[in-house]
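Peer 1:
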Amino acid sequence: MVLGLKHADRTDLAVPAARWMVAVAADLRNDDMVVVPVPLHWSRLLTRRYNQANLLSRLVARGLDLTHVPDALIRPKRSPKMQDTTRAARFAALDCAIRPHPRRMTFLQGRSVLIVDDVMTTGATLAAATEAAHMAGAARVHVLTLARVVKDA
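Just so you know, we're using the working numbering here: the sequence shown kicks off at 5 and counts up by one.
Put into structure tokens, the structure is as follows:
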């Protein structure tokens, strides 16, 4: 299902997926929270035509009745595709790859932030996004994903 949403233009899957995510995130919700997607680099956005994290985060924000700030974080540095890479390589590739948008930092300052992505593999992308939200002054950061990759050791 996640691969269909991410790579096969199955944007229709975002609606039921976001419903599940809203149910899970309801206990995290507070009135000062904003919802932010993990950003894509502009070149990857051109290739894929949409950011699946943005689709999910918009619907999650609506379902939780929270403010959605789709461009709060940016990805000025393109990271390589990370299939079949080690955890350490993923963290290294994402170092400084996600930043707070300089004109949107006030939306995050002093607030709780809910960062939304489609899937967590090693946590490197979510760690980079969390770091960027803290750089913008976020008081607390929570992450919410549709799925998590579990690999045998």
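The beta-carbon is built from N, C-alpha and C at its ideal position, and this holds for glycine as well. Since the structure is predicted, the reported quantities are computational estimates derived from the model, not experimental observations.
Output the residue ranges of the alpha helix (DSSP H) runs that lie fully inside the segment 47-113 and measure 4 residues or longer, sorted by chain position.
Peer 2: Complete alpha helix (DSSP H) runs here, min 4: 56-68, 91-97 and 109-112.
Peer 1: Label ARG16 either buried or exposed according to how many other C-beta atoms from any shown protein chain fall within 10 Å of its C-beta, with 16 as the threshold for buried.
Peer 2: Checking the displayed sequence, the identity of residue 16 turns out to be Asp instead of Arg. So ASP16 ends up on the exposed side.
Peer 1: Please state whether the Cβ-Cβ distance between VAL38 and LEU70 is less than 9 Å.
Peer 2: Contact: yes.
Peer 1: Count the CB pairs spanning the segment 69-83 and the segment 106-117 that are closer than 8 Å, and state whether there are at least three.
Peer 2: Yes: the two stretches touch, three or more of their Cβ pairs being nearer than 8 Å.
Peer 1: Determine, using beta-carbon pairs with one atom in the segment 123-134 and one in the segment 18-30, whether at least three such pairs fall under 8 Å.
Peer 2: No: the two stretches stay apart, fewer than three of their Cβ pairs being nearer than 8 Å.
Peer 1: Do ARG94 and MET139 have their CB atoms nearer than 9 Å?
Peer 2: No. Outside cutoff.
Peer 1: Buried or exposed: where does ARG115 fall if 16 or more other Cβ atoms within 10 Å of its Cβ makes it buried?
Peer 2: The residue in question, ARG115, is buried, as its Cβ has 16 or more Cβ neighbours within 10 Å.
Peer 1: With distances taken between CB atoms, is the gap from ALA21 to LEU150 smaller than 9 Å?
Peer 2: Yes, Cβ-Cβ distance for ALA21 and LEU150 is below 9 Å.
Peer 1: Taking 8 Å as the limit between beta carbons, can you name the residues of its chain near LEU112, skipping five residues before and five after?
Peer 2: Counting only Cβ-Cβ distances below 8 Å, and skipping sequence neighbours, we find VAL38, VAL40, VAL73, ALA76, PRO104, ALA137, ALA140, GLY141 and ALA142.
Peer 1: Of the choices PRO43, ALA18 and ASN34, whose alpha-carbon is the least far from that of LYS81?
Peer 2: Cα-wise, what sits closest to LYS81 is PRO43.
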